[in-house]
Amino acid sequence: MNRSRQMKLISKVLAGEASDREKTILEAWINASTGHRELYREMQSTWSLLEPPEVENIPSVEEEWKKLVNRLDSIAFEQPSERLFERLRKFIVYRRNLMRPAWALAVVIIVMAGLFLLRDRGTSNAYQEVVTLNGQKSTIILADGSRVTLNSGSRLQFEKPFFGECRQVVLSGEAYFEVNPDKRPFIVEAGNARMTVLGTEFNVKFREGATSVIVKSGMVKVESELDNVNVILQKDQMSLLTPKGHPEEPRQVDAEHLLGWLRGKLVFEKTSLHDIVDELVRTFDVCILLQCDESAQQTLTATFDEKVSIETVLSSICLAVGAGYRKENEEYIIF
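In our numbering, the protein residues as written are 7 to 341.
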């Protein structure tokens, strides 16, 4: 779905003017990635703040910005980026198409006022994003001294420096957190899961809508953003949270073993062949096609060294599940 259709569809759903089919399409799009969910939540939150006033014309974003500056000229501010202006212009266009232009203007004012409030707190904040491609890993030192190790095919978004009463990051993929003790809570958002700590070491993995959390030291609160149901995890405990479910009750695990990826190991514990293939694609940066549907849900427990060849790993896995593989051009096919 292209950007134009995304914005139009979201606006129709929020306005209560979407068909059942359009609602189904949007739901599938929202569940497809963390970025989609974040954009939808942002627009949904803003939409719910206001009643639509009666106005006849929509002034430009720049004009409204200047008016607001004139009223708040005693506050230090930073000019918003052209990228933000462009997003707001697009949002106004789609709202105008729905014959509710006044709400679009309200969105502009709220976003701009929010920017002023941030500047008024005396901090010049910049959001940063670190992305690892397949076959890559990265170590990030956050502004508070916390250390994050990002696994292959992952993304981490965070403020630099942290602002306000908490330290908050957004994760898509897998990362290991070594949180520096601080009176401000450290919050990790991954899909519909939220993890809150003060100072600890833990792993968060968010793939295909499901979030798993493993604690190596300290305590972590895991909660669902859908209904705030939560569990408390301690050392060598883990929990799994599905897209529409609650966090599972804590269960005992060997955290050191399961977090082998930090030491260059591929560790699978009762993992389906489908999920194993996904992990191999990210780790070795290769193309793998799984053709044997009957074997896709077979589970396997095994550990591999990432230094061995992909052919060695595939041979062992196929032997264990009774499948075979071949290489065609640059693609491996499991049959």
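Just so it is clear, CB atoms sit at the ideal spot from N, CA and C, and this is done for glycine as well. Bear in mind the structure is a predicted one, so any value in this text is a computation, not a measurement.
Please check the pair Leu279 and Ala302, which I expect to be a contact at CB under 8 Å, by giving their CB distance rounded to whole angstroms.
5 Å
Proximity of Gly197 and Pro256 at Cβ, strictly below 8 Å
no
In angstroms, rounded to a whole number, what distance separates the CA positions of Ala326 and Thr138?
31 Å
Where the beta strand (DSSP E) through Glu180 begins and ends:
173–184
Could you tell me the distance, in whole angstroms, from the CA atom of Arg47 to the CA atom of His263?
36 Å
Taking Gly205 as the reference, which of Arg213, Gly151, Ser178, Glu254 has the closest Cα?
Gly151
Run through DSSP, which three-state label would Cys293 get?
strand
In whole angstroms, what separates the C-alpha of Lys18 from that of Asp281?
35 Å
Who are the near neighbours of Asp311 in its chain, counting only those whose CB is closer than 8 Å to its CB and skipping five residues on each side?
Gly270, Lys271, Leu272
In the DSSP assignment, what are the bridge partners of Asn209?
Tyr182, Ile220
Secondary structure at Met244, three-state DSSP: helix, strand or coil?
strand
Taking the alpha carbon of Asn37 as the reference point, which residue from Glu254, His252, Leu320, Ala216 has its own alpha carbon closest?
Ala216
What does the alpha-carbon distance come out to for the pair Ile220 and Met244?
4 Å
Option nearest Trp267 by Cα separation, candidates Gln297, Arg288, Glu254:
Arg288
I think Ala181 touches Leu247, with their Cβ atoms under 8 Å apart; what is that distance to the nearest whole Å?
Between Leu247 and Ala181 the Cβ distance is about 16 Å, and since that is not below 8 Å, they are no contact.
Might you give, ordered along the chain, the residues of its own chain that have their beta carbon closer than 6 Å to the beta carbon of Leu232, omitting 5 neighbours on each side?
Asn198
Hey, would you say the C-beta of His280 is under 7 Å away from at least one heavy atom of the ligand PLP?
Here there are no bound small molecules, and the ligand PLP is not part of this structure.
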